[in-house]
């Protein structure tokens, strides 16, 4: 029994990061009464991200000030069903953003669009390479939307976020300087590209010399003063170097705080409640209709919030966990392949190519903006012939400098001692003269990579933790080796020529290690599809099982992409919000009939 | 010193000067040089 029962609202939004903020303002704009529930604390640019306190690597990076406390709730991890999963007790491979703004506070701002081949992944590969090209254990499937369908919504997100970039394909016409592989876009980015820092210039020239097609990274970091469609104002980035893992003190990086929340807070039909941890979506006796949610407030009281629409907009893993805890949909069973909730958990596979230059080459690595730089897509998606390569997927290859934070970002050549005077000497020698090319690669979905509830470990409220069963597969190992050696060729072609080039790409056969940070781009578990038996939600992110529940975020990705997820997450959320506003509200029920 | 300028955190005018050595020393969070 709840201690408190709140008056009913039209919609309750769970989680106030990007998807929750988009969903809340779009539904509030439509006149609905909306409550936003955020388990973490409320935060704003001022005072929470104010200079100079924000320029503190130890507090925000090593001590994870903006992240969820793992002592309160975490995930358990194992590589294979034969292992016992253990709780993640210290952050490593990925991070759980906490508080208002969520991961939209600490992201770098990369804002890509998916290609049509990526969205039609299985049918595209079957058509081009034959059905036998896809391994039996690879459970990839097509997205239920095309690039053309998503275009207006990618556009919407980019104009809300003030994305800086260079178009490569305007309405089917190639545009010089942009990405020649991009799906047609209807207009330019909201802002021109950010200025190019020196490392990115070196990379760009070398990549072009080798025949690749480098272009400015699409960055939701303002290159100029900008006012977005909600009336929010962004100011130009000053390349402070405190972007990734920090809140932006300059109002330059797009976040729910800089782009949406002040406009949303002014609406009388919206209410934000922070420190409100949703533990369950409540269902009526039929199990086919949600009646609202139950949450625990800051005083530990159980609160029931009735609502006609429930929008799950928490982090990818937490959305999946809430579905499992609430009994919405059938949990996935890897033995039979039946069930859908928890299916197709995926991640990304990244590599780094550190480059060490002579002392007369001033890299100045502290001059950084989270996502400003140069990238090429020549080995991303299906932009190249996979036939002779024997893998599926691809990577973006890029040179951006997010900052020169000395604790975590100082590069030293292979063989340097990990500590002591040898390490200090190497940092002093290389700090100003090194940077890295990065690759970020897709990870396919597989029958035995999935999420379910842990049978042993519980959170602070006594509820089962989410359990991740995930390991690397040879497909991704081959991909990363291929693109990393191509990237090293670019590094060696740079002028001035580097003194040395390293390749940190692991090796095929490596097992997943939750230790080193890679990226927070975890996906799947509540995937979108065209049928209830292959997916959790339809193309409008609507639960097949409980049609007044919508589930937004990277949990909807059927498999992961090589690009950063946020552009697609934003586009899918706007796509869903439009369907709710224009179709669902007139006739509440399933938006896709099967 | 490795060349990290600490909390200066304002380099827009230096992005357009590729390869030039940044001249200023470090500043602490408290503002000490």
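Protein chains in written order, with our numbering: chain A, 1 to 594; chain B, 1001 to 1033.
The C-beta atom is built at its ideal place from N, Cα and C for all residues, glycine as well.
Self-check item: Listed by chain order, chain B residues near residue 367 of chain A by CB distance under 8 Å
Solution: 1011, 1014, 1015, 1022
Quiz item: Can you find a CB in chain A that lies within less than 9 Å of the CB of residue 951 of chain B?
Solution: This structure gives no information on residue 951 of chain B, because the portion of chain B shown stretches from 1001 to 1033.
Quiz prompt | Residue-chain proximity (residue 1025 of chain B, chain A), Cβ-Cβ < 9 Å | solution = no
Quiz item: According to the neighbour-count rule (16 or more other Cβ atoms, all chains shown, within 10 Å of its Cβ), is residue 69 of chain A buried or exposed?
Solution: exposed
Quiz item: Just reading off the alpha helix (DSSP H) that residue 420 of chain A is part of, what are its end residues?
Solution: 420-430
Quiz item: Closer than 9 Å, CB to CB, is residue 410 of chain A near chain B or not?
Solution: yes
Practice problem: Quick one: using the 10 Å Cβ neighbour count with 16 as the cut-off for buried, is residue 386 of chain A buried or exposed? | Solution: buried
Exercise. Could you check how far apart the C-beta atoms of residue 539 of chain A and residue 145 of chain A are, in whole angstroms? I think they sit under 8 Å.
Key: 5 Å
Practice problem: My understanding is that residue 605 of chain A touches residue 566 of chain A, with C-beta atoms under 8 Å, so please give their C-beta distance in whole angstroms. | Solution: Because chain A in this structure spans residues 1 to 594, residue 605 of chain A falls outside the shown range and cannot be described.
Practice problem: Give the C-beta separation of residue 381 of chain A and residue 117 of chain A to the nearest angstrom, bearing in mind that I take them to be a contact with Cβ-Cβ under 8 Å. | Solution: 5 Å
Quiz item: Quick one: is residue 432 of chain A near chain B, going by C-beta distance under 9 Å?
Solution: yes
Quiz item: To which residues of the same chain is residue 51 of chain A closer than 6 Å at the C-beta, ignoring the five residues directly before and after it?
Solution: 249
Quiz item: Helix or strand or just coil, what does DSSP make of residue 359 of chain A?
Solution: coil
Quiz item: Looking at the C-beta of residue 427 of chain A, does it have a partner C-beta in chain B at a distance below 9 Å?
Solution: yes
Quiz item: How long is the line joining the alpha carbons of residue 537 of chain A and residue 528 of chain A, rounded to whole angstroms?
Solution: 5 Å
Exercise. With distances taken Cα to Cα, identify the nearest neighbour of residue 580 of chain A among A:570, A:561, A:550, A:147.
Key: A:550
Quiz prompt | Straight-line Cα distance separating residue 223 of chain A from residue 376 of chain A | solution = 20 Å
Practice problem: Check residue 267 of chain A in the structure and name its three-state DSSP category. | Solution: coil
Quiz item: Using 8 Å as the Cβ pair cut-off and three pairs as the minimum, do the stretch 455-469 of chain A and the stretch 490-504 of chain A touch?
Solution: no
Practice problem: Consult DSSP for residue 216 of chain A and reduce its assignment to one of helix, strand or coil. | Solution: strand
Quiz item: Quick one: what's got a C-beta closer than 8 Å to residue 265 of chain A's C-beta in the same chain, skipping five residues either side?
Solution: 272
Exercise. Confirm the yes/no value for this check: CB of residue 581 of chain A, any heavy atom of the ligand FMN, distance under 8 Å.
Key: Questions concerning the ligand FMN fall outside what the structure shown contains, since it holds no ligand whatsoever.
Exercise. Might you give, ordered along the chain, the residues of its own chain that have their beta carbon closer than 7 Å to the beta carbon of residue 541 of chain A, omitting 5 neighbours on each side?
Key: 528, 550, 551, 552, 556, 572, 576
Quiz item: Using a C-beta to C-beta distance shorter than 7 Å, which residues of chain B count as neighbours of residue 206 of chain A?
Solution: Ordered by position in chain B, no residue passes the 7 Å Cβ test against residue 206 of chain A, which lies about 14 Å from the chain.
Self-check item: Closest by C-alpha distance to residue 168 of chain A, when choosing among A:443, A:203, A:187, A:454
Solution: A:187
Quiz item: Among A:404, A:93, A:269, which one has its Cα closest to the Cα of residue 32 of chain A?
Solution: A:269
Practice problem: Can you have a look at residue 472 of chain A and say buried or exposed, based on whether 16 or more other CB atoms are within 10 angstroms of its CB? | Solution: buried
Exercise. Output yes if chain B places a C-beta closer than 9 Å to the C-beta of residue 236 of chain A; else output no.
Key: yes
Quiz prompt | Residues of its chain near residue 25 of chain A, where Cβ-Cβ distance is below 6 Å and the 5 sequence neighbours each way are ignored | solution = 260, 264
Practice problem: Give the DSSP-derived three-state secondary structure of residue 566 of chain A in the structure shown. | Solution: helix
Self-check item: Beta-carbon gap between residue 439 of chain A and residue 353 of chain A smaller than 9 Å
Solution: yes
Quiz item: Quick one: does residue 34 of chain A have its CB under 9 Å from some CB of chain B?
Solution: no
Exercise. Compare the Cα-Cα distances from residue 100 of chain A to each of A:383, A:444, A:313, A:344 and report the closest residue.
Key: A:313
Exercise. Rank A:343, A:280, A:321, A:255 by C-alpha distance to the C-alpha of residue 232 of chain A and give the top, closest one.
Key: A:255
Quiz item: Does the beta-carbon distance from residue 447 of chain A to residue 257 of chain A come in below 9 Å?
Solution: no
Exercise. Would you mind stating whether residue 113 of chain A and residue 141 of chain A have Cβ atoms separated by less than 9 Å?
Key: no
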